[in-house]
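Numbering (the numbering used here), first residue to last: 3 to 525.
The structure under discussion appears below in the form of structure tokens.
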Amino acid sequence: MLCLHICHSTATEKSIAILNHQDSVWAVAFSGNGKTIATSGGNSTRIWDAATRKLISILNHQERVTAIAFSKDGNTIATASDDQTARIWDTKGNAIATLNHLNSVNVVTFSPDGKTIATASDDQTARIWNTKGDAIATLKHQGAVNAVAFSPDGKTIATGSRSGTYLHQVMAEDLRTEACHRLGRNLTAEEWQQYMNSSLDQYERTCDRIPVHRSLIAEAKNLAKKAEKEDIKTAISILKRALELEPDIDLNPNTETKETDPEVVAKKFAAPGKVEKGKNLAEQGNIERAISIFKEAQKLSPEIDLNPNTETKETDPEVVANQLFASSKVGKGKIWAKEGNIKKAISIFKEAQELSPEIDLNPDTETQETDPQLVAKKFAISAAASRKVKEGKIRAQQGKIEEAISLYEQAQKFDSDLEIGAYDWGELCRYGSLNNQAQDVLFACEKAVKLNPKNPWIQSRILSSRGLARALTGNYQGAIEDFQVYVDSTNYQEEKAQYKDWIETLKKGKNPFTSEVLEELKN
3 MLCLHICHST
13 ATEKSIAILN
23 HQDSVWAVAF
33 SGNGKTIATS
43 GGNSTRIWDA
53 ATRKLISILN
63 HQERVTAIAF
73 SKDGNTIATA
83 SDDQTARIWD
93 TKGNAIATLN
103 HLNSVNVVTF
113 SPDGKTIATA
123 SDDQTARIWN
133 TKGDAIATLK
143 HQGAVNAVAF
153 SPDGKTIATG
163 SRSGTYLHQV
173 MAEDLRTEAC
183 HRLGRNLTAE
193 EWQQYMNSSL
203 DQYERTCDRI
213 PVHRSLIAEA
223 KNLAKKAEKE
233 DIKTAISILK
243 RALELEPDID
253 LNPNTETKET
263 DPEVVAKKFA
273 APGKVEKGKN
283 LAEQGNIERA
293 ISIFKEAQKL
303 SPEIDLNPNT
313 ETKETDPEVV
323 ANQLFASSKV
333 GKGKIWAKEG
343 NIKKAISIFK
353 EAQELSPEID
363 LNPDTETQET
373 DPQLVAKKFA
383 ISAAASRKVK
393 EGKIRAQQGK
403 IEEAISLYEQ
413 AQKFDSDLEI
423 GAYDWGELCR
433 YGSLNNQAQD
443 VLFACEKAVK
453 LNPKNPWIQS
463 RILSSRGLAR
473 ALTGNYQGAI
483 EDFQVYVDST
493 NYQEEKAQYK
503 DWIETLKKGK
513 NPFTSEVLEE
523 LKN
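Below, the structure is given as structure tokens:
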């Protein structure tokens with residue numbers, strides 16, 4: 003059992019009482035009138051009568067209690083804990099409020115008038131609260147906040163962290179003044195909610211002569227686009243607030259004409275959200291529900307395009323719902339065809355045509371394709387050809403270069419329109435060269451380089467592979483040029499040094515790629 007000793011403040015410092023805890027005592031505090039003592043040990047705080055030394059109540063946390071503070075009148079106690087909370091209590095042990103952080107709370111303190119509480123936490127914030135537990139402001143830091151204190155007038159708060167000590171204004175009006183002074187603009191919607199801890203329909207300017215931050219309108223738009231009744235209602239309230247603060251504000255700046263009616267604008271914002279919901283329902287085959295949602299969108303905004311992905315404006319809910327479901331079926335048919343189930347693919351393509359007779363069964367081509375059988379076979383052949391390339395790449399990695407080349411050739415015969423990518427050609431080039439068959443794969447190297455991929459890593463890998471093939475086939479100057487590009491582009495010093503050594507050897511008219519080196523490069 004661990005104890006707290008109470009001593010007279012005399013030279014003898016004799017103990018006059020012992021207050022017992024089960025764990026180490028981390029914090030102790032007297033009430034302002036001296037009638038009550040609070041001690042914290044382990045996961046609890048104990049409240050004692052200072053005169054009788056009798057235990058009055060026990061205040062429990064889930065983890066170690068780190069700090070205690072009394073209000074000025076001594077009737078309220080605040081405790082901080084490693085359980086990511088600070089808590090407010092009366093002296094009888096009744097919980098009043100829980101103040102939540104995202105990490106251990108290190109300090110808790112009352113303002114001089116007892117109306118405000120400040121907490122400091124490892125979550126890199128100090129937070130200000132009223133005694134009901136409502137958050138007033140959040141003060142962000144670059145690291146854990148280890149200390150917090152109020153000025154005597156309660157208007158300034160000092161916080162301490164590893165990055166330094168900071169002073170902040172803590173009254174709402176002072177916070178707004180300080181925000182304007184620091185930022186030179188009004189708060190964004192996110193900043194208002196975070197630092198002022200207030201809803202956006204209560205938004206205030208922090209700088210009187212500067213326009214309302216346009217993120218307020220953007221947030222209203224985002225809410226309205228959810229297309230839910232309550233979200234639209236909230237969006238209208240936010241837009242009304244923006245209009246109150248700035249009567250000349252354009253509530254929909256993306257349109258050519260100025261718009262100032264909050265309800266009309268919110269509904270315009272909401273309509274695309276409804277269209278998106280209708281689209282999702284239609285693609286899933288829920289046609290009736292999709293049609294209903296599209297009609298709701300038209301009520302919100304009569305001019306809304308129900309299918310903005312088409313060149314012409316679409317306004318018929320039933321037609322659009324069927325078109326979208328048909329397009330969804332085309333996608334499914336394509337998958338079945340690529341898996342080799344041509345019969346299933348044809349059946350699904352025909353279902354799509356029943357829903358939308360003019361549907362393009364292969365929208366990736368320039369010309370419209372409407373023959374289910376031909377389209378299904380085309381997808382099946384394309385997929386089979388792609389599998390041949392993939393299989394060929396695996397054979398190349400296994401060192402079976404003749405088989406790999408054959409599979410690439412078969413793929414091209416299967417599908418004359420097949421576009422083999424730069425990386426795939428590059429891998430055939432690389433592994434063919436590493437297996438000392440550079441002459442056989444040099445064509446693949448040239449194809450890969452010609453395709454000029456935008457990805458820098460793939461581009462460098464291809465050039466280094468062609469450089470290897472060139473060196474092995476006697477084109478030393480070409481190899482030097484390819485390797486130099488790699489040297490100039492890479493940031494890996496060890497590889498850069500290796501390539502420089504190869505370049506120097508090639509300049510001397512020698513081939514650095516012996517069979518031993520090639521074996522090492524395979525790994």
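Glycine included, each C-beta is placed from N, C-alpha and C at the ideal position.
Quick check on DSSP: helix, strand or coil for residue i?
i, result
"Gly162", "strand"
"Ala82", "strand"
"Asp484", "helix"
"Val67", "strand"
"Arg389", "helix"
"Val107", "strand"
"Lys227", "helix"
"Ser294", "helix"
"Lys334", "helix"
"Arg129", "strand"
"Leu61", "strand"
"His170", "strand"
"Val214", "coil"
"Ile138", "strand"
"Asn324", "helix"
"Ala53", "coil"
"Cys209", "coil"
"Glu429", "helix"
"Asp263", "coil"
"Ile234", "helix"
"Gly342", "coil"
For residue i versus residue j, is the C-beta distance shorter than 8 Å?
i, j, result
"Ala292", "Ala273", "no"
"Tyr410", "Leu430", "yes"
"Ile346", "Phe381", "Residue identity differs from the one stated: residue 346 is Lys in this sequence, not Ile. Not a contact, by the Cβ cut-off of 8 Å."
"Ile90", "Thr121", "no"
"Arg468", "Val451", "yes"
"Arg129", "Thr118", "no"
"Lys336", "Glu353", "no"
"Thr475", "Ala440", "yes"
"Asn105", "Asp125", "yes"
"Ala29", "Ile70", "yes"
"Ala229", "Gly275", "yes"
"Ile532", "Glu221", "An answer regarding residue 532 cannot be provided, because it is not within the stretch 3 to 525 covered by the chain."
Using only the alpha-carbon positions, how far apart do residue i and residue j sit?
i, j, result
"Lys509", "Arg463", "22 Å"
"Lys281", "Gly394", "41 Å"
"Gln479", "Asp426", "25 Å"
"Gln495", "Gln325", "56 Å"
"Ile159", "Ala137", "15 Å"
"Ala265", "Ser73", "Looking at the sequence provided, one finds Glu at residue 265 rather than Ala. Their backbone Cα atoms lie some 47 Å apart in a straight line."
"Ala149", "Ala268", "45 Å"
"Asp155", "Ile212", "30 Å"
"Thr93", "Asp51", "10 Å"
"Ser59", "Gly145", "35 Å"
"Lys502", "Tyr488", "10 Å"
"Asp417", "Ala386", "9 Å"
"Val67", "His170", "26 Å"
"Ser217", "Ala191", "6 Å"
"Gly43", "Asn96", "19 Å"
"Asp252", "Lys231", "23 Å"
"Arg127", "Cys209", "One point to set straight first is that residue 127 is Thr, not Arg, in the sequence displayed. Cα to Cα, Thr127 sits roughly 25 Å from Cys209."
"Phe26", "Thr47", "Before going on, a small fix: residue 26 reads as Ser here, not Phe. Answer to the nearest angstrom: the Cα atoms are 12 Å apart."
"Thr100", "Val109", "14 Å"
"Ser11", "Thr111", "In this prediction, Ser11 has a pLDDT of 46, which is less than 50 and means its spatial position is unreliable; nothing more can be read from the coordinates."
"His183", "Leu189", "11 Å"
"Glu356", "Ser329", "12 Å"
"Val443", "Ile407", "8 Å"
"Glu518", "Gln461", "26 Å"
"Ile422", "Val391", "8 Å"
"Ala471", "Asn364", "40 Å"
"Trp459", "Pro249", "54 Å"
"Glu404", "Ala398", "8 Å"
"Ile505", "Ser466", "12 Å"
Determine which residues share a DSSP beta bridge with residue i and list them.
i, result
"Ile407", "DSSP output for Ile407 lists no bridge partner at all."
"Arg89", "Thr81 and Thr100"
"Thr41", "Val30 and Arg48"
"Thr121", "Val110 and Arg129"
"Ala149", "Gly162"
"Phe72", "Ile79"
Tell me, please, whether the CB atom of residue i is closer than 8 Å to any CB atom in chain C?
i, result
"Arg184", "Structure shown: chain C not included; a single protein chain is present."
- Please go through the region 490-515 and give each complete alpha helix (DSSP H) segment of 4 or more residues, from N-terminal end onward. Those alpha helix (DSSP H) runs which fall completely within the region 490-515 and span 4+ residues are 495-509.
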